[in-house]
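**Q**
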Amino acid sequence: MADTDQPDVTRFATGVSSDEHHAALRASVRQLAALLGEALTRHEGPELLELVEQVRALAREPDDGALHDLLAGVDDDTAVVLARAFTGYFQLVNVTEQLHRWQEVTAEDEGPLAVAVERIGKALADGSVDVDLVTDVLRRVEYRPVFTAHPTEASRRTVLRLLRKIADVVHAAEDPRARPGDAERHERRLAELVDLLWQTDELRIAKPDPKDEARTSLYYLGQIARRVVPDLLQELDRRLASIGVELPPTARPLRFGSWAGGDRDGNPNVTPQVTLEVLALQHDTGLRELVAQVEEILTEVSASTRVVSASEELLASLEEDAQALPITYSTIRRLNAEEPYRLKLSFVRVRLLRTRDRLANATAHEPGRDYLHLGELVADLCLVRDSMLADGDRLTADGSVLRLLRTATAIGTGMATLDVREHSEKHHEALAELYDRLGELERPYGELDHAARTEVLSAEMAGRRPLVGAGQVPPDGPAAASLGLLRTLRTAQDTYGPDVVETYIVSMTHDVDDLFAVVVLAREAGLIDLGSDDGPATARIGFAPLFETVAELETAGPLLDALLGDPSYRRVVAARGDVQEIMLGYSDSSKDAGIAASQWQIHRAQRALRDVAQRHGVLLRLFHGRGGSVGRGGGPTAEAILSQPNGSLDGPIKVTEQGEVISDKYLLPELGRWNLENALAAVVEASVLHRDRLLPREVLDGWDDTMDVVAGSGQTAYRALVRDPGLVGFFVAATPVDELGKMNIGSRPAKRPGGDGGLDDLRAIPWVFGWTQSRIILPGWYGVGSGLAAAREAGREEVLREMYASWPFFRTFLSNVQMTLAKTDLDIAARYVRTLVDDDSAALFEKVREEHERTVAEVLAVTGQERLLEGAPVLRQTLELRDSYLAPLHALQVSLLARVRQVPEGEEPPAELQRALLLTINGIAAGLRNTG
């Protein structure tokens, strides 16, 4: 992990940074590009390869006129082949770059966990922290990446599997231990796989449904569970032991979450039935994985009672197992009667298999014969480990057994915990139906403002009556829909255990009544019992507000204070272990006010939420809803964690992993290991060492005042652009945003239902995706230049430089902006504008150019550089190389967009024309990677 005191822009990209690894990467790319050319020749003929080379050559010319003239004359079928050729190139480059990035980062002397734990060890040695504090904090450390179903991954899973196999062969071919005769075999296998890649359609035939999205998440999670989690958590245990700290065996420092099948906000395809089907799929996969890992350890735990002793507790449990599973016992006792650990784990294996069968067939739980929840499995594994430790076998107890135990606590029986998200208005619509039926309010519930609803719902929570009562709720109304969902969650917990769904996220939370509403409905569904003065509350799920706009972020602290100040709601939080989750939305806040205001308000909101939670004695679990692109909060996860306000992270944290970021991080398990270790190390370090403010109050106040200027002026400049009446027309014309919905990359609609087609109706993902396709990438930088300029003109130039050198938040913010600026190409964008935008709207592009020039100049002034990425020449070279292959795709996309838009209204463009256009979208997404 980079020293947090030194800016390192290479951490904000995804390429290699050293000359040595760049040379190896270039060699691999040349080899694969040659094989792709051979495949193209075999399937399409030498003339097409010649055309590809001609297009590449013209793309290097300063004047792009000849290139555009050539592409304008290409027919639709040929355009498809050209788009596929350049897309295939980027697919091969990406996976090869991932491979060499892994090789580079793992060549470092010490990994991220070693560095973080060493820092904690030094703090222990100098008395900055004591061992009791470290042990206490680490017991509650939990890094939970949440795999969402947001539609920004443009590659099919079939393509990803082929690319993974190509990376494996490239890695094997580069192994210095390979025999001379292996080279021909590797070359032959690579040629075969590249040819298969060419034969595979990059575009999905149909839009994926939520179960398809869940399968994609499970594809990655399965690899992580097998090839990453055991080694990573063993490394954590080993490093902590070196400073005298031991994690409890039941600790869960790493867990996984998912939104596939649970994110209902704006997605009508996620129904309660779909949620149950996804959970069944998750648990079938998770139990299969656990069975496989138990079977692996069964080959090793051959300790015999002729040599070792087993604890009385373990022997007693074996007797109980034999009675509960007599057929299993009769099968294994003849060969394994004197091998207590093999016996016990054989029973564990059978109970896991029977659990899977029970869930698949919807039969009743049989105590002792299957597992009702994860805690029973963990108890069995702890019994084995404790017996080994009591007999002095620490090597096995803290080796293979603890590895299995840590994996089980990380993935559970369902691989990931499902979050459920729903729009706040859905709950108010349901309550309006219930209250209006009762007729006890002075005016209809729907006419109440936030304060009046808060008063009504607070009183409702404090009361004991059932709001629904014995009456029937209309089956097709909003109340039936909300109650049906909540009852489905109760059924899911009864079936799979308490870990299956832990958090209900309320999107568009504006005030406390938005949380009170769902608590009241959850009580009606049997998920909440608010207790009384004589008895505590019970809460089977927790509730998390999602703050999505800058206005909501500004009021996040007071809103949490009001929530926790309500006695009934406070009992719910107490029933959840005094943990309150808050989700912070990066995408909509950035779309609403620009990246500078968004990032700054999120930072300030974290401080306010931290202080309120501490006053109320509540542990804060922040959930960062970050996208892949900088405009949606993207960037290196570890750096983002370490740049949070001190004290805001006290163990648990959740972070979304979205779209193409998932494949970029986890397609290669080896690279997935490094990414997870980097983030987990940051969580450990921040939780232990970043607890108190380190800077003098007057310094931080000065920085805050400067950021207020940067964010305020940036927001003003950004909103002046996006609120221009011509902006929506410009955006739709200058980008392929209208074509994105045809790509079949997600089950969620690109636009919110019921709108008038304006900017507010467009979701943040297509907003970013569209700008990225035309290389304007406006959400990742617009307004930053105006903000920095305002601060400089206010006499704060030296303060800005000091902030960049010493403040992790500001350094991370500017480094992410710099990376986006490096990927922005307004010369390419100008071709989109000249060809596709009418003259009335085209004037907006000059505003974009002016702000871009201003932002580049101001960023360079603060960072002390002469040009962007000055400190990372290899990375800059990598991006320039990509540009030489992206230029033909952009030129082709402009030509195809012009053709599509010439089709008379009401008619469909020819199928191959649409296919060619969608392939260019796919190819540019592959070339730029963090697209949405």
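Each number in our numbering corresponds to the 1-based position in the sequence shown with 1341 added.
Here a beta-carbon is modelled for each residue, glycine too, at the ideal position from N, C-alpha and C.
What are the complete alpha helix (DSSP H) segments, minimum 4 residues, inside the segment 2033-2070?
**A** 2038-2063
**Q** Thinking just about the alpha-carbon of each residue, which of I1846, D1727, T1557 is nearest to the one in E1766?
**A** Within the sequence shown, numbered from 1, the residue matching residue 1766 stands at position 425. With distances taken between Cα atoms, E1766 lies closest to I1846.
**Q** Have a look at the DSSP bridge pairing and note the partners of G1876.
**A** Stepping through the sequence shown from its first residue, residue 1876 is reached at position 535. DSSP output for G1876 lists S1873 as bridge partner(s).
**Q** List the endpoints of the continuous alpha helix (DSSP H) containing L1588.
**A** Working through the sequence shown from its first residue, we reach residue 1588 at position 247. Looking at the DSSP string, L1588 is not in any alpha helix (DSSP H), and its letter there is neither H nor E.
**Q** Taking the beta carbon of K2002 as the centre, do at least 16 other beta carbons fall within 10 Å, making it buried, or is it exposed?
**A** The count along the sequence shown starts at 1 and reaches residue 2002 at position 661. One detail in the question is off: residue 2002 reads as Val in this sequence, not Lys. Counting Cβ neighbours within 10 Å, V2002 comes out buried, since at least 16 surround it.
**Q** Using 8 Å as the threshold, is the C-beta distance between L1961 and D1929 below it?
**A** Counted from its first residue, the sequence shown places residue 1961 at position 620. Counted from its first residue, the sequence shown places residue 1929 at position 588. In this structure, D1929 does not lie closer than 8 Å to L1961 by Cβ.
**Q** State the Cα-Cα distance for the pair T1284 and S1984, rounded to the nearest angstrom.
**A** Look at the range of the chain in this structure, 1342 to 2273, and you will see that residue 1284 is not part of it.
**Q** Look up F1597 in the DSSP assignment and say whether it is helix, strand or coil.
**A** For this step, residue 1597 is matched to residue 256 along the sequence shown. It is coil, neither helix nor strand.
**Q** Roughly how many whole angstroms lie between the Cα atoms of G1462 and Q1575?
**A** Reading the sequence shown from its first residue, position 121 is the one you call residue 1462. Reading the sequence shown from its first residue, position 234 is the one you call residue 1575. Distance between G1462 and Q1575, taken at the CA atoms: about 18 Å.
**Q** Going by beta carbon distance, what residues of the same chain come within less than 8 Å of A2130, once the five residues before and after it are set aside?
**A** On the sequence shown, position 789 is the one that residue 2130 refers to. For A2130, where only same-chain residues beyond five positions count, the Cβ hits under 8 Å are S2054, R2195, E2199.
**Q** The ligand PLP and N1608: does any heavy atom of the ligand fall closer than 7 Å to the residue's C-beta?
**A** The model on display carries no ligand, and the ligand PLP is accordingly not part of it.
**Q** With 16 other CB atoms within 10 Å as the buried threshold, where does N2157 fall?
**A** As a position in the sequence shown, residue 2157 is number 816, starting the count at 1. N2157 comes out buried.
**Q** Which of helix, strand or coil does DSSP assign to G1603?
**A** Counting from 1 along the sequence shown, the entry for residue 1603 is found at position 262. Of the three classes helix, strand and coil, the one that applies to G1603 here is coil, per DSSP.
**Q** Under the rule that 16 or more other beta-carbon atoms within 10 Å means buried, what is S1599, buried or exposed?
**A** As a position in the sequence shown, residue 1599 is number 258, starting the count at 1. Buried is the call here.
**Q** Sorted by chain position, which residues of the same chain lie with C-beta nearer than 6 Å to E1770's C-beta, five sequence neighbours on each side aside?
**A** In the sequence shown, the residue the question calls residue 1770 occupies position 429. For E1770, where only same-chain residues beyond five positions count, the Cβ hits under 6 Å are P1819.
**Q** In the DSSP output, what is K1995 paired with across the bridge?
**A** Here residue 1995 refers to the residue found at position 654 of the sequence shown. Partner(s): R1485, F1964.
**Q** So what does DSSP say about Y1776, is it helix, strand or coil?
**A** Mapped onto the sequence shown, residue 1776 falls at position 435. Residue state, collapsed to three classes: helix.
**Q** Taking the alpha-carbon of L1887 as reference, which of R1367, S1728, G1898 has the nearest alpha-carbon?
**A** The residue given as residue 1887 occupies position 546 in the sequence shown. Nearest C-alpha to L1887: G1898.
**Q** Taking the continuous alpha helix (DSSP H) assigned at A1448, which residues delimit it?
**A** Working through the sequence shown from its first residue, we reach residue 1448 at position 107. It is not in any alpha helix (DSSP H) - A1448 carries neither H nor E in the DSSP assignment.
**Q** From V1853 to H1791, what does the alpha carbon distance come to, in whole angstroms?
**A** As a working note, residue 1853 is residue 512 in the sequence shown. As a working note, residue 1791 is residue 450 in the sequence shown. Whole-angstrom Cα-Cα distance: 8 Å.
**Q** Below 8 Å on the Cβ atoms is my contact criterion, and I expect I1923 with L1901 to pass it. Report the Cβ-Cβ distance as a whole number of Å.
**A** The sequence position of residue 1923 within the sequence shown is 582, counting from 1. The sequence position of residue 1901 within the sequence shown is 560, counting from 1. Approximately 7 Å separates the beta-carbon atoms of I1923 and L1901; this is inside 8 Å, confirming the contact.
**Q** In the structure shown, what three-state DSSP assignment does E1762 receive?
**A** Along the sequence shown, one-based indexing puts residue 1762 at 421. In the sequence on display, residue 1762 carries Arg and not Glu. It is a strand residue.
**Q** Taking 8 Å as the threshold (C-beta atoms), are Q1623 and D2005 in contact?
**A** What you label residue 2005 is simply residue 664 of the sequence shown in a count that begins at 1. What you label residue 1623 is simply residue 282 of the sequence shown in a count that begins at 1. No, they are not a contact pair.
**Q** Skipping 5 residues on each side, what residues in its chain have a beta carbon closer than 7 Å to that of Y1786?
**A** As a position in the sequence shown, residue 1786 is number 445, starting the count at 1. Excluding sequence positions up to five before and after Y1786, its CB lies within less than 7 Å of the CB of L1772, A1773, Y1776, D1777, all in the same chain and listed in chain order.
**Q** What number of angstroms, rounded off, separates the C-alpha of H1384 from the C-alpha of L1390?
**A** In the sequence shown, the residue the question calls residue 1384 occupies position 43. In the sequence shown, the residue the question calls residue 1390 occupies position 49. Approximately 10 Å between the Cα atoms of the pair.
**Q** Compare the Cα-Cα distances from R1805 to each of G1872, Q1614, S1741, I1752 and report the closest residue.
**A** For this step, residue 1805 is matched to residue 464 along the sequence shown. The shortest C-alpha to C-alpha distance from R1805 to any of G1872, Q1614, S1741, I1752 is the one to G1872.
**Q** From what residue to what residue does the beta strand (DSSP E) around G1883 run?
**A** Along the sequence shown, one-based indexing puts residue 1883 at 542. G1883 -> beta strand (DSSP E) spans 1883-1888.
**Q** Less than 6 Å between C-beta atoms, sequence neighbours within five positions excluded: which residues of the same chain meet that for V1487?
**A** On the sequence shown, position 146 is the one that residue 1487 refers to. Taken in chain order, the residues that qualify are G1598, K1995, T1997.
**Q** Look at the alpha carbon of E2253 and the alpha carbon of L2233, and state the distance between them as a whole number of angstroms.
**A** Position 912 of the sequence shown, counted from the first residue, corresponds to residue 2253. Position 892 of the sequence shown, counted from the first residue, corresponds to residue 2233. Going from the Cα of E2253 to the Cα of L2233 covers about 14 Å.
**Q** Can you tell me whether DSSP reads D1711 as helix, strand or coil?
**A** Here residue 1711 corresponds to residue number 370 of the sequence shown, with the count starting at 1. Correct three-state label for D1711: strand.
**Q** Indicate the three-state DSSP secondary structure (helix, strand or coil) for L2327 in the structure shown.
**A** Nothing can be reported for residue 2327, as the shown portion of the chain is limited to 1342 through 2273.
**Q** Taking the alpha-carbon of V2197 as reference, which of W2122, E2139, R1480 has the nearest alpha-carbon?
**A** Sequence index remark: in the sequence shown, residue 2197 carries index 856 (1-based). That would be W2122, whose Cα lies nearest to the Cα of V2197.
**Q** Less than 8 Å between the beta carbons of V1396 and L1381, yes or no?
**A** On the sequence shown, residue 1396 is found 55 positions in, with the first residue counted as 1. On the sequence shown, residue 1381 is found 40 positions in, with the first residue counted as 1. Contact: no.
**Q** Any contact between the segment 1623-1637 and the segment 1553-1569? By contact I mean 3 or more CB pairs, one from each, below 8 Å.
**A** Enough Cβ pairs lie closer than 8 Å, so yes.
**Q** Nearest-angstrom Cα distance between I2086 and A1424?
**A** The count along the sequence shown starts at 1 and reaches residue 2086 at position 745. The count along the sequence shown starts at 1 and reaches residue 1424 at position 83. Residue placement at I2086 is poorly supported in this model, since its pLDDT is 48, which falls under 50; the coordinates are not used for a value here.
**Q** Work out the CA separation of L2216 and R2116 for me, nearest whole Å.
**A** Indexing the sequence shown from 1 puts residue 2116 at position 775. Indexing the sequence shown from 1 puts residue 2216 at position 875. Taking the straight line joining both Cα atoms gives about 18 Å.
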